[in-house]
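Student: Take our numbering: the last position of the sequence shown gets the number 387, and nothing is skipped along the way. We treat Cβ as the ideally placed atom computed from N, Cα and C, and that holds for glycine. Below is the structure I would like to discuss, written out as structure tokens.
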Amino acid sequence: MSRSRWMALCFALGSTCFLIGPFPGYAQLVGDSADAVTFFIGSILFTAGGGLQSWLAWSERHSPGGGGAAWWAAIIQSAGTVFFNVTTYQAMHTALTSPEYNKLVWRPDWRGSICFLVSGAIAYRASRRHGWLPVRGGAGWWQPAVNLLGCVFFGISAVAGYVVPSTGSMLDQAAANWNTSLGAACFLACALDTLHTDRVSKMPLGRRLRELEHKLEADVP
């Protein structure tokens, strides 16, 4: 399996953890501790996917055609996943050791959410667009927009999550949980498409052309 598919698999599994983790029914089914472990595993998988994405973009970081943007988007997103590693570990440790535990389970890290927003904005800006709208056509043309939407959902979740432990209402808690799930659903859609097509939407154009040339050369007897 190619590196891009391994990357997509890590993102898909990590997104699934963040998709199901916030649902009250899942927490009731497995318990608060297992729910917190789900978030932590998801964050580790995100970090693994981000590392592979950074590896894929490394050789293109100084090249034209979006190579530098792809590198910066990947490395900033990877930094965001590390912040999530820290907060999900803290939540997991609290869930395993404290008899009184907040039902939110995981409070989205504002630093990680900012990294995701910056990364998504860089990737979207480097994608093919007509003004603000993406250019339709070609495999995965919609991925940068959906990825950015997922980053926005995570950002909303972070804002809502920070008011829950103190003065927040059940509405704030629901907003944090639902926006986490919606953001994860966006990331999952992008990951599954990459897993299916083996085409990374953020991959620089120059690299795509070289890969196409190599495939054509391999087909020529």
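Determine the DSSP secondary structure at residue 188, reduced to helix, strand or coil.
Tutor: coil
Student: When you compare each of 257, 246, 172 and 326 to residue 341 by their alpha carbons, which one comes out closest?
Tutor: Checked all of 257, 246, 172 and 326; the closest Cα to residue 341 is 326.
Student: Tell me whether residue 310 sits in a helix, a strand or coil according to DSSP, three-state version.
Tutor: helix
Student: Could you please give me the residues that DSSP links to residue 296 through a beta bridge?
Tutor: 299
Student: Ends of the alpha helix (DSSP H) at residue 223?
Tutor: 198–224 is the extent of the alpha helix (DSSP H) around residue 223.
Student: Straight-line CA distance for residue 190 to residue 225?
Tutor: 43 angstroms
Student: So, at 8 angstroms on beta carbons, what are the nonlocal neighbours of residue 172 in its own chain, with the 5 sequence-adjacent residues on each side left out?
Tutor: 218
Student: Within the chosen definition, does the segment 297–308 reach the segment 243–251 through at least 3 CB pairs nearer than 8 angstroms?
Tutor: no
Student: According to DSSP, is residue 305 helix, strand or coil?
Tutor: coil
Student: Can you tell me whether DSSP reads residue 359 as helix, strand or coil?
Tutor: The answer is helix: DSSP assigns residue 359 an H, G or I state.
Student: Does residue 264 pass the burial test, meaning 16 or more other C-beta atoms within 10 Å, or should it be called exposed?
Tutor: exposed
Student: What number of angstroms, rounded off, separates the C-alpha of residue 192 from the C-alpha of residue 241?
Tutor: Distance between the alpha carbons of residue 192 and residue 241 is about 32 angstroms.
Student: What is the rounded straight-line gap between the Cα of residue 187 and the Cα of residue 256?
Tutor: 16 angstroms
Student: Using three-state DSSP, classify residue 244 as helix, strand or coil.
Tutor: helix
Student: If you measure between the beta carbons of residue 236 and residue 292, is that distance less than 8 angstroms?
Tutor: yes
Student: Please look up how many angstroms separate the CB atoms of residue 207 and residue 176, rounded, as I've assumed it's under 8 angstroms.
Tutor: Actually they are not in contact, since the Cβ atoms of residue 207 and residue 176 sit about 11 angstroms apart, beyond 8 angstroms.
Student: Tell me whether residue 167 sits in a helix, a strand or coil according to DSSP, three-state version.
Tutor: coil
Student: Going by the CB atoms, is the gap between residue 356 and residue 313 shorter than 8 angstroms?
Tutor: yes
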